[in-house]
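A.B. asks: Its first residue numbered 6, the sequence shown is counted upward by one per residue in my numbering. Beta carbons: idealized from backbone N, C-alpha and C, even for Gly. The structure presented is a predicted model; accordingly, all values stated were derived computationally and were not measured.
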Amino acid sequence: MPKTLAEEKPEYRCSECGLLYPTKELAERCRKWCSEHRSCNLEIIQYAVKDERDNHQ
Ligand SMILES: [Zn+2]
Numbered sequence: 006m007p008k009t010l011a012e013e014k015p016e017y018r019c020s021e022c023g024l025l026y027p028t029k030e031l032a033e034r035c036r037k038w039c040s041e042h043r044s045c046n047l048e049i050i051q052y053a054v055k056d057e058r059d060n061h062q
């Protein structure tokens, strides 16, 4: 049967704000934005993975 990659897909964390992203690129964009602007970019964080274990804010 087909193997689902979704469950094995790693998540990437922005080291500045701690949000998780499904791709390294998004996490990197967030990290750059966070480090430069000290705030979150809604255009980026809308892609963040919701993680109830890490309930910040
Ligand atoms: Zn961030």
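Suppose you measure from the CA of SER20 to the CA of ARG36; what does that come to, to the nearest Å?
C.D. replies: Counting from 1 along the sequence shown, the entry for residue 20 is found at position 15. Counting from 1 along the sequence shown, the entry for residue 36 is found at position 31. Distance between the alpha carbons of SER20 and ARG36: 6 Å.
A.B. asks: Taking 8 Å as the cut-off, is the beta-carbon of ARG43 closer than that to any non-hydrogen atom of ligand 1?
C.D. replies: Numbered from 1 along the sequence shown, position 38 holds the residue referred to as residue 43. No, ligand 1 has no heavy atom inside 8 Å of this Cβ.
A.B. asks: Taking the alpha helix (DSSP H) that LYS37 belongs to, which residues open and close that run?
C.D. replies: What you label residue 37 is simply residue 32 of the sequence shown in a count that begins at 1. Its alpha helix (DSSP H) spans residues 29 to 42.
A.B. asks: Using a Cβ-based criterion (distance less than 8 Å to any ligand heavy atom), does GLU21 qualify as near ligand 1?
C.D. replies: The count along the sequence shown starts at 1 and reaches residue 21 at position 16. Yes, since a heavy atom of ligand 1 falls inside the 8 Å radius drawn around the Cβ of GLU21.
A.B. asks: How would you label LEU25, buried or exposed, when you count the other beta carbons within 10 angstroms and need 16 or more for buried?
C.D. replies: For this step, residue 25 is matched to residue 20 along the sequence shown. Buried, because 16 or more other Cβ atoms sit within 10 Å of the Cβ of LEU25.
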